[in-house]
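Residue numbers (my numbering), protein chains in the order written: chain A, 45 to 371; chain B, 45 to 371. Reading through the structure tokens given below for one structure.
Protein chains: 2
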Amino acid sequence: MSNIDMIRAAQSRLNGHARKTPLLSSPFLDDIAGRKIWVKAECLQHTGSFKFRGGWSAVSALSDIQRANGVIAFSSGNHAQGVALAAARHNTKAVIVMPSDAPKIKIENTRALGAEVVLFDRENQSRDDVAAEVNQNGKMTLIKPYDNEQVIAGQGTVGLEIAQQADENGIEQGEVLVCCGGGGLTSGIALALQDTAPNFTTRTCEPAEFDDVARSLMSGNIETNTRKSGSICDAIITPAPGEITFPIMQNLCGAGLVVSEDECLHAVALAYERLRIVVEPGGAAALAAALFHGDELNSENIIAVATGGNVDTDVFIQALQKFGAKS
Amino acid sequence: MSNIDMIRAAQSRLNGHARKTPLLSSPFLDDIAGRKIWVKAECLQHTGSFKFRGGWSAVSALSDIQRANGVIAFSSGNHAQGVALAAARHNTKAVIVMPSDAPKIKIENTRALGAEVVLFDRENQSRDDVAAEVNQNGKMTLIKPYDNEQVIAGQGTVGLEIAQQADENGIEQGEVLVCCGGGGLTSGIALALQDTAPNFTTRTCEPAEFDDVARSLMSGNIETNTRKSGSICDAIITPAPGEITFPIMQNLCGAGLVVSEDECLHAVALAYERLRIVVEPGGAAALAAALFHGDELNSENIIAVATGGNVDTDVFIQALQKFGAKS
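Here's what the structure looks like:
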């Protein structure tokens with residue numbers, strides 16, 4: 045069962061391989077939010093998202109025989125790249141099953157990192173069925189993107205770093221906002237903070253119409269989204285919270301926050317302008333909530349996790365043109 | 045005289061105030077360069093450039109009476125913001141003399157950080173004359189952007205961090221490429237590396253037609269640029285190397301590297317895509333040299349300093365449209 049000991053063990057295995065990403069801030073963002081905002085810049089992680097941590101944690105926890113047989117993963121893109129690079133650095137074969145509407149750059153990057161990519165139609169095919177077909181002899185280890193204890197443990201190392209960096213910055217209490225898809229990162233962070241920084245509350249952030257976790261937290265049951273694709277927040281539009289992650293979030297997280305796509309694009313532009321980091325729309329949902337949903341926040345100190353920076357350039361330009369400072 | 049002791053003293057004063065910026069890398073950049081590339085991401089420093097270090101170093105070294113009388117600086121933008129924020133955090137008044145063709149966002153940001161901004165025409169007015177007029181009673185302390193020993197000491201803390209991060213990453217030898225205007229950062233880094241990492245050679249990087257430092261290093265005399273403005277690399281188009289900085293560079297640096305504006309824009313796009321950082325064209329000159337001037341490099345390990353990230357959005361979009369990955 046996922047717990048702090050697994051997260052600490054993952055941190056040991058990640059040491060020297062994952063980056064300790066910086067905690068950034070800007071007085072301009074504080075002014076907009078009317079409170080202190082810090083951004084945990086996981087877009088600066090290897091492969092451009094926190095997913096490298098979970099990928100490394102999972103691959104490094106395999107036995108030698110398992111590694112020799114290779115790994116398989118399904119992913120909208122960031123998990124794909126994280127697993128691909130982690131596998132490559134362990135000399136392990138990786139097959140990644142990706143939705144055909146994932147940003148091209150994520151598909152290309154996954155291939156360039158050495159993985160074999162198999163595409164599927166997100167509206168009409170089950171990714172589990174496709175994955176099972178690829179792995180017909182059953183020897184490859186499936187690394188699920190969030191419902192996997194070693195993946196959750198790897199993502200939880202973000203929480204350990206947040207606890208340490210909050211302490212270094214004299215932040216004694218606050219809310220940690222996390223862009224949430226299936227809940228692997230959120231549940232890992234919540235577990236880590238429960239043990240190391242219990243004055244911090246973890247809260248999920250999702251785009252409107254894909255707010256399965258917020259609704260699940262409210263109802264107490266796993267709720268699903270009606271739509272399955274068609275958001276610029278592609279990284280976090282999973283169909284429902286995970287069976288492992290949901291009970292953890294239900295136990296430890298505050299109410300879920302829901303932001304609009306335009307708020308995410310605005311946050312992308314402000315992160316570019318004020319923090320000089322590249323964040324994808326889905327990775328900016330937490331910053332959007334911090335900046336634009338102050339009436340739903342309960343703390344003067346907000347730490348928003350910028351979860352990823354793998355964005356299609358036309359979407360990024362759209363964000364800058366719509367919300368960037370004019371020359 | 046500028047030396048390692050002043051740099052170490054500046055590091056103590058900056059401790060807890062300046063960010064220790066990360067050293068980033070990407071296998072995709074290594075592939076382009078055909079060698080290992082690391083990027084010291086000073087665009088993630090407070091105010092978006094290394095200049096905050098020099099500003100803080102200089103303001104924090106003043107006496108109480110000097111601080112009470114305020115500081116004055118002239119700058120194309122990054123030094124302006126660095127001094128403005130450093131002064132504001134010391135409760136010190138700052139007047140910044142800026143060229144009227146500096147990016148608007150830099151002018152606006154300098155004002156928003158609490159400084160008074162005085163504009164001048166770079167082609168027809170001497171910035172020294174303008175500064176003297178503002179400071180008629182002579183009581184304000186002028187903080188020059190590079191020919192100031194405390195400023196050089198502050199910028200030199202980048203070199204101390206590079207030495208430490210190179211050691212942490214197992215990089216034993218190499219070249220450190222620095223985007224160079226007047227030479228404050230370059231000379232500070234060179235002094236720091238001489239003492240703490242003598243296997244590393246510091247080299248300057250400048251845009252074509254503004255290569256005063258490269259020509260000065262070659263001739264052994266301070267050479268000046270014919271043009272004084274009109275480059276997208278506005279941050280580093282100073283007229284000539286400084287009187288304090290040039291002898292240090294002459295003593296410690298390798299031959300200067302000169303890159304094209306298009307190479308800088310290309311490096312901006314690759315830093316966005318592969319490192320997820322926002323770099324301004326002048327701040328990307330070192331990365332451009334690392335990526336595209338391999339035949340002039342002598343090492344398998346290159347550390348390029350990304351000196352700033354305060355870019356006009358239309359220029360940034362131009363870089364992405366011209367050199368970004370196509371969707």
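Where a beta carbon is used, it is the ideal one built from N, C-alpha and C, also for glycine. Computed from a predicted model, the values in this text were never measured in an experiment.
Listed by chain order, chain A residues near residue i by CB distance under 7 Å
i: residue 353 of chain B; result: 320
Listed by chain order, chain B residues near residue i by CB distance under 9 Å
i: residue 30 of chain A; result: Residue 30 of chain A falls outside the range modelled here, since chain A spans only 45 to 371, and no answer is possible.
i: residue 94 of chain A; result: Here the premise fails: no neighbours, minimum Cβ distance about 12 Å.
i: residue 124 of chain A; result: Here the premise fails: no neighbours, minimum Cβ distance about 15 Å.
Within chain B, partners of residue i - CB distance below 7 Å
i: residue 66 of chain A; result: 63, 66 and 88
i: residue 149 of chain A; result: 369
Close Cβ partners of residue i (< 6 Å) along its chain, the five nearest in sequence each way excluded
i: residue 165 of chain B; result: 144
i: residue 137 of chain B; result: 114
i: residue 190 of chain A; result: 226, 227, 228, 286 and 289
i: residue 202 of chain B; result: 94 and 233
i: residue 195 of chain A; result: 98, 102 and 228
i: residue 73 of chain A; result: 81 and 318
i: residue 269 of chain B; result: 254, 256 and 283
i: residue 332 of chain B; result: 303, 307, 308 and 311
i: residue 88 of chain A; result: 65
Integer-rounded CB distance, given that residue j should sit under 8 Å from residue i
i: residue 200 of chain A; j: residue 232 of chain A; result: 3 Å
i: residue 352 of chain B; j: residue 321 of chain B; result: Residue 352 of chain B to residue 321 of chain B, Cβ: 11 Å. No contact.
i: residue 335 of chain B; j: residue 311 of chain B; result: 6 Å
i: residue 98 of chain A; j: residue 198 of chain A; result: 4 Å
i: residue 319 of chain B; j: residue 68 of chain B; result: 5 Å
i: residue 63 of chain A; j: residue 66 of chain B; result: 7 Å
i: residue 167 of chain B; j: residue 275 of chain B; result: Not confirmed; about 13 Å, so no contact.
i: residue 128 of chain B; j: residue 105 of chain B; result: No, residue 128 of chain B and residue 105 of chain B are not in contact; Cβ-Cβ is about 17 Å, not under 8 Å.
i: residue 204 of chain A; j: residue 51 of chain A; result: 6 Å
i: residue 369 of chain B; j: residue 245 of chain A; result: Their Cβ separation, rounded to whole angstroms, is 38 Å, which puts residue 369 of chain B and residue 245 of chain A out of contact at 8 Å.
i: residue 235 of chain A; j: residue 109 of chain A; result: In fact, because the Cβ distance is near 29 Å, the residues do not count as touching under 8 Å.
i: residue 60 of chain B; j: residue 91 of chain B; result: No, residue 60 of chain B and residue 91 of chain B are not in contact; Cβ-Cβ is about 16 Å, not under 8 Å.
8 Å Cβ cut-off: residues of chain A touching residue i
i: residue 138 of chain B; result: Neighbours of residue 138 of chain B on chain A: none; closest Cβ ~15 Å, over 8 Å.
Contacting residues, own chain, Cβ-Cβ under 7 Å from residue i (five flanking each side not counted)
i: residue 329 of chain B; result: 223, 249, 250, 251, 277, 280, 303 and 308
i: residue 216 of chain A; result: 243
i: residue 161 of chain A; result: 140, 142, 151, 154 and 155
i: residue 175 of chain B; result: 116, 118, 141 and 186
i: residue 266 of chain B; result: 260, 284, 285 and 290
i: residue 70 of chain A; result: 318 and 319
i: residue 178 of chain B; result: 116, 139, 141 and 162
Same chain only: Cβ atoms within 8 Å of residue i, ignoring 5 sequence neighbours per side
i: residue 261 of chain A; result: 248, 293, 294, 297, 299 and 300
i: residue 338 of chain A; result: 77, 78 and 79
i: residue 45 of chain B; result: 193
i: residue 135 of chain B; result: 111
i: residue 131 of chain A; result: 99, 103, 114, 115, 137, 138, 158 and 159
i: residue 148 of chain A; result: 356
i: residue 376 of chain A; result: With chain A covering only 45 through 371, there is no way to say anything about residue 376 of chain A.
Within chain A, the residues that residue i reaches when beta carbons sit closer than 9 Å
i: residue 156 of chain B; result: 71, 72 and 75
Beta-carbon neighbours of residue i, restricted to chain B and to distances below 8 Å
i: residue 361 of chain A; result: 361, 364 and 365
Contact test: residue i Cβ vs the ligand PLP heavy atom, cutoff 7 Å
i: residue 144 of chain A; result: Absent from the structure shown: the ligand PLP. Ligands present: none.
Taking 8 Å as the cut-off, does the region 238-257 of chain A touch the region 113-127 of chain A (at least 3 CB pairs, one atom from each stretch)? no
I'd like the ranges of any alpha helix (DSSP H) spanning at least 4 consecutive residues and lying wholly in the region 149-193 of chain A. 171-178
Counting only runs that start and end within the region 189-246 of chain A, where is the beta strand (DSSP E) found for 3 or more residues in a row? 218-223
For the region 323-335 of chain A against the region 273-280 of chain A, are there 3 or more C-beta pairs whose distance is under 8 Å? yes
Whole alpha helix (DSSP H) runs in the region 274-357 of chain B with 4 or more residues, listed along the chain? 289-296, 305-314 and 329-336
Indicate whether the contact test is met: 3 or more Cβ pairs, each with one atom in the region 353-368 of chain A and one in the region 235-245 of chain A, closer than 8 Å. no
Are there three or more Cβ pairs, one per stretch, closer than 8 Å when the region 206-219 of chain A is compared with the region 65-85 of chain A? yes
My parser needs the beta strand (DSSP E) runs of 3 or more residues fully inside the region 57-126 of chain A; what are they? 80-85 and 115-118
For the region 179-187 of chain A and the region 45-59 of chain A, state whether three or more C-beta atom pairs, one from each stretch, are separated by less than 8 Å. no
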